[in-house]
Amino acid sequence: MTKHVSPAADPALVADLELAFEDNRLVSQLYGEYDQNLALIEQRLSVSATPRGNHVLLRGAPSAVDQARRVLESLYAGVEEGRQSEIGDVDAMVRMIETEDSQLTLPTMEKKGKVRMANIATRKAVIIARTPAQDTYIRAMERCELVFGAGPAGTGKTYLAVAHAAKLLERGDVSRIILSRPAVEAGERLGFLPGDMKDKVDPYLRPLYDALHDMMRPEHVERGIATGVIEVAPLAFMRGRTLSNAAIILDEAQNTTSMQMKMFLTRLGENSKMIVTGDPTQVDLPRGERSGLVEALGLLSGVESVHISRFSDQDVVRHALVARIVRAYENASANPTGAGNARDNAR
């Protein structure tokens, strides 16, 4: 790939940079359908990105042009390796590079290179980090025995945890996957639901099943469940067990009590990885009952081999509206008087 920098009328305000990508076959993937990837870069970084065959002319503030260059170079490197370059990948790359720049403590004249985001590769899919928090989370799951993922809905906490567990199973690093959730009542008690225990628990664990099917072939998932290689169990069934040689996931952990969380964490056995996910702002426990997740995040901060990844609305990777919804609720929690006035006005 070649670059050509053109002098600008006022270099302090605007810069021009021309990028040339060598493989014309890959350029259409890089640009996206109807050049939508370039359009997103223009929108997010306030630059103009004009395609001319396998060349792209970037124009804008020098720092923004440099960020756009790194976004395009990093995406192109991924396309060369056979990865898709979709709109979500572009958004993720922009986030990563913006965060990288904001964390610099000293100015540097050195040109920053391509960004390599953490990924989880299974036989069926390759999941690439889409935010800096996801990148940290994936790397932590590789090196730590116990990882907490705490934050709002839509940030990929559970999905990435299941992907990591599937990878460990495929590599032979563990011999089984154990998925668990607290069965918190939501209008119906488990005892009133039809079927055997699996039928009663399945509705609570459906998000975990969905993620598993994205990572593994359906027949492998079904065979794993039938043979016990993949075990799905409510949290109450964990008492008294020692979980060795396993990838263990506790989802919706904000709905555990203090005693349940302690019981679960002390099940960790030899050669096992444990991942605990939840949203501390969405506790469904009875009033006055303290969340075991909230307590554990405080007690275990700084403990060796324990990592806590915290996500925010900036890490939401679902529809953009989800991030705005999360932000609105967080603002309402921070200003309960304003939220009350809004409710009164709606009546």
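Take any residue in the sequence shown, note its place counting from 1, add 542, and you have its number in this note's numbering.
Positions of the beta carbon are idealized from the N, C-alpha and C atoms, including for glycine.
Predicted model only: the values in this text are computed from it and were never measured.
Determine whether the beta carbon atoms of Leu-568 and Val-621 lie at a separation below 7 Å.
yes
Go through its chain and collect everything with a Cβ distance to Gln-802's Cβ below 7 Å, but skip five positions before and after it.
Pro-724, Leu-777 and Gly-834
Going straight from the alpha carbon of Leu-559 to that of Leu-863, what length do you get?
34 Å
Taking the straight line between their C-alpha atoms, what separation do you get for Glu-623 and Ser-616?
11 Å
Quick check: Thr-700 and Thr-823, are their CB atoms within less than 7 Å of each other?
no
Let me know the secondary structure DSSP gives Asn-813 once reduced to three states.
coil
Do the region 835–844 and the region 793–809 make contact, defined as three or more Cβ pairs closer than 8 Å?
yes
Backbone CA spacing between Ala-708 and Arg-601 [nearest angstrom]
44 Å
Output needed for Gly-693: all residues of its chain with C-beta closer than 7 Å, excluding positions within five of it in sequence on either side, in chain order.
Lys-699, Asp-821, Arg-852, Phe-853, Ser-854 and Asp-857
Measure from the C-beta of Arg-594 to each C-beta in chain C and report whether the shortest distance is under 7 Å.
Note that chain C does not occur in the displayed structure, where there is just one protein chain.
Starting from Asn-579, trace the alpha helix (DSSP H) in both directions and tell me its first and last residue.
578–587
Taking 6 Å as the line, does the beta carbon of Leu-617 fall inside it for any heavy atom of the ligand MG?
Because no ligand of any kind appears in the structure shown, any question about the ligand MG cannot be addressed here.
Going by Cα to Cα distance, which pick from Ser-722, Leu-747, Glu-684 and Thr-697 is closest to Val-716?
Glu-684
How close, in whole Å, do the beta carbons of Ala-562 and Val-607 come, if the pair is a contact with beta carbons under 8 Å?
The pair is not a contact, with the Cβ atoms about 15 Å apart (cut-off 8 Å).
Given that a residue counts as buried once 16 or more other Cβ atoms are within 10 Å of its Cβ, and exposed if not, what is Gln-676?
buried
Going by beta-carbon coordinates alone, are Arg-783 and Arg-809 separated by less than 7 Å?
yes
Where Ile-583 and Thr-641 are concerned, what is the direct C-alpha to C-alpha distance, given to the nearest angstrom?
15 Å
Report the rounded CA-to-CA distance for Ile-867 versus Leu-841, giving the unit in angstroms.
30 Å
Which stretch, first to last residue, makes up the beta strand (DSSP E) that contains Pro-593?
590–594
Thinking C-beta only, is Ala-789 closer than 7 Å to Ile-719?
yes
Taking all protein chains shown into account, do 16 or more other C-beta atoms lie within 10 angstroms of the C-beta of Phe-779, making it buried, or fewer, making it exposed?
exposed
Tell me Ile-850's beta-bridge partners as DSSP assigns them.
Phe-690
Where Asn-877 falls, given that 16 or more other Cβ within 10 Å makes a residue buried
exposed
Across which residues does DSSP place Asn-661 in a beta bridge pair?
Ile-670
When burial is assigned at 16 or more other CB atoms within 10 Å of the CB, is Ala-870 buried or exposed?
exposed
From the DSSP output, read off the bridge partner residues of His-597.
Ala-562 and Arg-594
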